[in-house]
Structure formats: structure tokens, C-alpha cells
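In the UniProt record's numbering, the protein residues as written are 1 to 175.
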């Protein structure tokens, strides 16, 4: 990653170690998920056309790491990376994890999230639009499929995440 004003932000003691440990913990899950998605939805990758080789950096801001995606069926990459060692990305998508989860299944309006500044997109916007369109054209729910891979615990985690997102985005009533 090239040095930017973002990468010069002060890092709290232990933060890098936590990010690296978190990456190690989630990587087997990410590998399993991306292989299954590639096997079950080859058209998802075909829809990306020339952007299959684009490196996407998906940055769930409240997690200690980012996700590096290269949706090339011949050299598929989906890995957790500490932000300070993230590769140079052709496109970056940044937002709250739960918002990104909802965007995967088109349960949130990406344009509205972008214009409200809840979602930040930089780099090759055509690649991001292609990725978004490919996800929109999928039958079923990618989040549901992924959670089902892990049985009852996976479905319970997804349900909890969705409840948390709903609670976090509900307008609050003031007395």
C-alpha cells in the first residue's frame, strides 16, 4: 500500500498484532467461502469481464483488517489483510461491516449509501459497478448461502448480525 494520509494515522499499541491474529483466524473461513461461491456461481465472475483481475480492497471500518478480493477464477484471491500491509487496490470499497453485508444481497441501496457518505468508493468505479451488478444478478442470498455452509452456528451468526444492523440503523426516539 502506498503511503497516504490514512496510513500515517497513529496506531494504538497492540493494534497491528490484533489485526494479524484476526487475519489468521478468519482466513480458513474466507478460503472456504470463496471456493464455494466460485464453484456454485461461475457466472458471477464471468459478469465482471475485464475486471476479474482487478484487486478490490473491501474495508469494513470497524474490523481490525480489510479484505483483498481478486475475482479471477484462474487465480482467485479472497484474504484478510492488515490495513498497513494491504496490496495496492484497483478499487476500494469502505464502510461499516453490516452495511457491506447488506449490500452483498442488495438489501441496501448502494447509491443511497454512497451519497449519504456511509459508503466510500475510490479507484476504478467501473469495476465496482460491475461487481455490484454481478452481485445484484445472483439468484438467492450470498449471505444466506455462506451462513448455511457453517450450519446452525453460521445461520445464528448471520441472524445476529442482521438484528444488530437493524438495531443500529433504526431511528431513535427521544422522549
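Here a beta-carbon is modelled for each residue, glycine too, at the ideal position from N, C-alpha and C.
Verify the contact flag: residue 60, CB atom, against every heavy atom of the ligand HEM, threshold strictly below 6 Å. Within the structure as shown, the ligand HEM is missing, as the structure has no ligands at all.
Got a sec, what are the start and stop residues for the alpha helix (DSSP H) residue 129 sits in? Walking along the chain shown from the start, residue 129 turns up at place 129. Secondary structure note for residue 129: its alpha helix (DSSP H) is the uninterrupted segment 125-136.
According to DSSP, what are the bridge partners of residue 122? Here the question's residue 122 lines up with position 122 in the chain shown. Looking at the DSSP assignment, residue 122 forms a beta bridge with 92.
What did DSSP end up calling residue 163 once you bin it into helix, strand or coil? Sequence index remark: in the chain shown, residue 163 carries index 163 (1-based). When DSSP states are grouped into helix, strand and coil, residue 163 belongs to the helix group.
How would you label residue 61, buried or exposed, when you count the other beta carbons within 10 angstroms and need 16 or more for buried? Numbered from 1 along the chain shown, position 61 holds the residue referred to as residue 61. Using a 10 angstroms sphere on the CB of residue 61, the tally of other CB atoms stays under 16, which defines it as exposed.
CB residue 73 to CB residue 45, shorter than 7 Å? Counting from 1 along the chain shown, the entry for residue 73 is found at position 73. Counting from 1 along the chain shown, the entry for residue 45 is found at position 45. A contact, by the Cβ cut-off of 7 Å.
Could you check if residue 13 is buried or exposed, using at least 16 other CB atoms within 10 Å of its CB as the buried criterion? Reading the chain shown from its first residue, position 13 is the one you call residue 13. So residue 13 counts as exposed.
Nearest to residue 83 by alpha carbon, out of 92, 76, 160, 164? For the purposes of this step, residue 83 is identified with residue 83 of the chain shown, where counting begins at 1. Between residue 83 and the set 92, 76, 160, 164, the nearest pair of CA atoms involves 92.
Who are the Cβ neighbours of residue 40 in its own chain at under 8 Å, not counting the five residues just before and after it? On the chain shown, position 40 is the one that residue 40 refers to. 145.
Indicate the three-state DSSP secondary structure (helix, strand or coil) for residue 12 in the structure shown. Locating residue 12 in the chain shown gives position 12, counting from the first residue. Coil.
Fully enclosed by the stretch 41-85, which alpha helix (DSSP H) runs are 4 residues long or longer? Correct list: 42-46.
Could you give the residue range of the alpha helix (DSSP H) that holds residue 97? In the chain shown, counting from the first residue as 1, residue 97 sits at position 97. From DSSP, the alpha helix (DSSP H) with residue 97 extends over 97-104.
On the criterion of 16 or more Cβ atoms from any shown chain inside 10 Å, does residue 152 qualify as buried, or is it exposed? Here the question's residue 152 lines up with position 152 in the chain shown. A residue is called buried when at least 16 other Cβ atoms come within 10 angstroms of its Cβ; residue 152 does not meet this threshold and is exposed.
Round the Cβ separation of residue 87 and residue 68 to the nearest angstrom and send it over; I've been treating them as touching at under 8 Å. On the chain shown, position 87 is the one that residue 87 refers to. On the chain shown, position 68 is the one that residue 68 refers to. With a Cβ gap of about 6 Å, residue 87 and residue 68 count as contacting.
Does the beta-carbon of residue 49 have 16 or more other beta-carbons within 10 angstroms, so that it is buried, or is it exposed? As a working note, residue 49 is residue 49 in the chain shown. Exposed: under 16 other Cβ atoms inside 10 Å.
Nearest by alpha-carbon distance to residue 163: which of 136, 135, 102 is it? Walking along the chain shown from the start, residue 163 turns up at place 163. Taking the Cα of residue 163 as reference, the smallest distance to any Cα among 136, 135, 102 is reached at 102.
Assigned secondary structure, residue 3 (DSSP; H/G/I helix, E/B strand, else coil): Within the chain shown, residue 3 is the residue found at index 3, counting from 1. Low per-residue confidence applies at residue 3: pLDDT is 42, beneath 50, and the placement is therefore not dependable, though the value from the model is reported in the following sentence. Assignment of residue 3 by DSSP, reduced to helix, strand and coil, places it in the coil class.
Beta-carbon gap between residue 176 and residue 131 smaller than 7 Å: Coverage of the chain is limited to positions 1 through 175, which leaves residue 176 absent and any answer about it impossible.
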